[in-house]
Amino acid sequence: MEIINRTETADPRSEEGASDTREQSSNLGRPACSGGRKIRSLVMWSGGLDSTYALARLLQETTDEVYAHHIHLNAPRDDAKSRSRRCEFEAQAISRLVVPLKSRFRSFEYSESRADLTAFACFARDTTSAMFFAAQLAMSRGFTPFDRILVGVDDEDPRWRPGTELYALRRMLMNRILRAVWESEEIPYLYVFYPRPSRADAFAYLGQELAPLTVSCRHPEAGGLGFGDHALHPCNACAKCRSRPKLEQDAEDEAAA
Ligand SMILES: [Zn+2]
2 MEIINRTETA
12 DPRSEEGASD
22 TREQSSNLGR
32 PACSGGRKIR
42 SLVMWSGGLD
52 STYALARLLQ
62 ETTDEVYAHH
72 IHLNAPRDDA
82 KSRSRRCEFE
92 AQAISRLVVP
102 LKSRFRSFEY
112 SESRADLTAF
122 ACFARDTTSA
132 MFFAAQLAMS
142 RGFTPFDRIL
152 VGVDDEDPRW
162 RPGTELYALR
172 RMLMNRILRA
182 VWESEEIPYL
192 YVFYPRPSRA
202 DAFAYLGQEL
212 APLTVSCRHP
222 EAGGLGFGDH
232 ALHPCNACAK
242 CRSRPKLEQD
252 AEDEAAA
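Counting in the numbering used here, the sequence shown runs from 2 upward without gaps.
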């Protein structure tokens with residue numbers, strides 16, 4: 002496995018403090034400071050709706066030092082028939098989103114890693130791989146148990162329905178990954194929005210300017226009518242693609258009302 006890490010932008014700790022209105026905002030239910038320093042929050046950012054929403058809310062509603070990390074995860078497609086193009090597709094979304102997010106909200110640190118798992122027939126699910134990298138990034142940025150790692154999930158994901166055994170299991174497994182990397186019980190807090198947003202909520206929150214820049218498709222395709230050889234576009238067949246036009250229409254209707 003090849004792993005490359007790269008950090009692109011300045012450390013947000015050098016940024017000026019947030020405005021008074023932000024100081025009075027919810028901070029998503031956590032104290033704004035711990036021991037005189039700001040809470041640090043990390044989002045594992047795929048370029049999809051859920052994680053982009055999580056990032057936007059952190060920037061808008063907290064005074065946290067915000068870190069966004071993207072993994073270029075080259076892995077075979079789930080059905081192993083052809084190589085997944087999701088990695089490139091998500092990377093395109095990230096490259097469209099970084100600047101508009103910073104100009105609309107405030108600055109944050111963006112970094113990325115690259116992991117090539119294509120040699121393997123079997124590999125851990127996305128969230129497991131993501132947590133492994135999250136732990137590395139958070140540890141290298143001095144995260145403590147007062148800081149948090151956000152998992153961006155919507156209210157349709159059965160694994161993250163609070164109060165269920167699946168939820169407890171998922172949380173426990175992810176915390177184990179964090180403990181293994183830290184070699185300690187003292188790990189950052191795994192944070193999930195409660196209540197979890199619907200995809201429509203997330204779309205509306207990001208608005209017409211940002212939401213269309215995110216990607217949802219699980220199996221993007223290359224080429225085709227009106228696209229260049231290397232341009233990727235949504236398959237328009239997977240469940241995520243099929244639900245997207247309604248989200249866009251609802252958001253448009255709401256904006257027009
Ligand atoms: Zn699709």
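Even glycine gets a Cβ: it sits at the ideal position worked out from N, Cα and C.
Using a Cβ-Cβ cutoff of less than 7 Å, which residues in the same chain neighbour residue i once the five nearest sequence positions on both sides are dropped?
| i | result |
| --- | --- |
| Asn176 | Ile188 and Leu191 |
| Glu186 | Arg180 |
| Cys236 | Cys218, His220, Pro221, Glu222 and Cys242 |
| Ala201 | Leu248 and Asp251 |
| Arg23 | Any reading at Arg23 must be qualified, since the residue scores a pLDDT of 36, below 50, and its modelled position is unreliable; no value is offered. |
What residues match up with residue i in a beta bridge as DSSP calls it?
| i | result |
| --- | --- |
| His220 | DSSP lists no partner for His220. |
| Glu62 | Partner(s): none; Glu62 has no beta bridge. |
| Leu69 | Residue identity check: residue 69 is Ala in the sequence provided, not Leu. Its beta-bridge partners are Val44 and Tyr111. |
| Tyr190 | Arg149 |
Using a threshold of 7 Å, state whether the C-beta atoms of residue i and residue j are closer than that.
| i | j | result |
| --- | --- | --- |
| Phe147 | Ser42 | no |
| Ser199 | Asp156 | yes |
| Ile76 | Val44 | Just to set this straight, residue 76 is Ala in the shown sequence, not Ile. No, the Cβ-Cβ distance between Ala76 and Val44 is not below 7 Å. |
| Thr53 | Thr215 | yes |
| Phe109 | Val152 | no |
| Leu179 | Ala136 | yes |
| Arg171 | Arg160 | yes |
| Leu60 | Arg31 | no |
| Ala205 | Ala258 | no |
| Asp51 | Val154 | yes |
Please indicate yes or no: does the CB of residue i lie closer than 6 Å to some heavy atom of ligand 1?
| i | result |
| --- | --- |
| Cys123 | no |
| Pro235 | yes |
| Cys218 | yes |
| Cys34 | no |
| Cys242 | yes |
| Cys239 | yes |
Please classify residue i as buried or exposed, where buried requires at least 16 neighbouring CB atoms within 10 angstroms.
| i | result |
| --- | --- |
| Lys39 | buried |
| Pro101 | exposed |
| Ala81 | Below a pLDDT of 50, predicted positions are generally treated as unreliable, and Ala81, at 46, falls in that range; the measurement from the model is reported next regardless. It is exposed - the Cβ of Ala81 has fewer than 16 other Cβ atoms within 10 Å. |
| Arg14 | Residue confidence for Arg14 is low, a pLDDT of 41 falling below 50, so the modelled location carries little weight; the figure read from the coordinates is stated next. With fewer than 16 other Cβ atoms within 10 Å, it is exposed. |
| Met132 | buried |
| Leu174 | exposed |
| Glu255 | exposed |
| Glu249 | exposed |
| Thr63 | buried |
| Phe144 | buried |
| Ala116 | buried |
| Arg243 | exposed |
| Asp79 | Residue placement at Asp79 is flagged as unreliable, the pLDDT there being 47, under the threshold of 50; a coordinate-derived value is accordingly withheld. |
| Arg126 | exposed |
Establish whether the CB of residue i and some CB of chain B are separated by less than 7 Å.
| i | result |
| --- | --- |
| Ser96 | Here chain B cannot be found, since the structure has a single protein chain. |
Suppose the cutoff is 8 Å on Cβ atoms and the five residues either side in sequence are ignored; what does the same chain contact list for residue i look like?
| i | result |
| --- | --- |
| Lys233 | A small correction: the amino acid at residue 233 is Leu; Lys does not occupy that position in the sequence shown. Result list for Leu233: Arg86, Glu89, Phe90, Gln93, Pro221, Glu222 and Ala223, in chain order. |
| Val182 | Phe133, Ala136, Gln137 and Met140 |
| Ala238 | His220 |
| Leu207 | Leu50, Thr53, Tyr54, Ala57 and Thr215 |
| Leu211 | Thr53, Ala57, Leu98, Pro101, Leu102 and Arg105 |
Taking 6 Å as the limit between beta carbons, can you name the residues of its chain near residue i, skipping five residues before and five after?
| i | result |
| --- | --- |
| Arg149 | Ser42, Pro189, Tyr190 and Tyr192 |
| Leu98 | Leu214 |
| His71 | Trp46, Ile95 and Glu113 |
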